[in-house]
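Q:
Numbering (this note's numbering), first residue to last: 1312 to 1455.
1) Please name the residue in 1342, 1431, 1425 and 1445 whose C-alpha comes closest to that of residue 1388.
2) Would residue 1370 count as contacting chain B if we go by Cβ distances under 8 Å?
3) Roughly how many angstroms lie between the CA atoms of residue 1370 and residue 1348, to the nearest whole one?
4) Quick check on residue 1377: buried or exposed, where buried means 16 or more other Cβ atoms within 10 Å of its Cβ?
5) With distances taken from CA atoms, which of 1440, 1335, 1382 and 1352 is nearest residue 1410?
6) Quick one: what does DSSP say residue 1404 is sitting in, helix, strand or coil?
7) Runs of 4 residues minimum, wholly inside the region 1361-1427: which ones carry the alpha helix (DSSP H) assignment?
8) Out of 1360, 1359 and 1355, point me to the one whose CA is closest to residue 1457's CA.
9) Residue 1325 by DSSP, collapsed to three states: which one?
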């Protein structure tokens, strides 16, 4: 199914305040370097049927992006059992021009073996997936 185009929307970037508390399910992933050469710390919170990614620009200590994934899709033969689908992606204004989402989606693919795009996204979000499809390092499958 093609994604529905939605308008830009207001969201608030967040960073987990309970990272160091016992019993939390946070995992530090490899830092991401954006297209401007700046590094972003990546924290994954995988809580079964959903996962969240929190990104923070290391130099400024500003939260740069938040992503939410859902694991509700049935895996086709040959795919991993858990298939993450992006259900929310929000990148701070100052980090949109450095192709941060493309780096995040590649990180998700490396971590889970696959990623599925949003079914509702902005025109800019659609452009990200189209741009990634032009490269040789990402295999794009169209699923119904």
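Each residue gets a CB set at the ideal place from its N, CA and C atoms; glycine is no exception. All values reported here derive from a predicted model rather than from experimental measurement.
A: From the atom records:
1) 1425
2) The displayed structure is made up of one protein chain only, and chain B is not part of it.
3) 11 Å
4) buried
5) 1440
6) helix
7) 1411-1423
8) The structure shown does not extend to residue 1457, since the chain is modelled only from 1312 through 1455, so no value can be given for it.
9) coil
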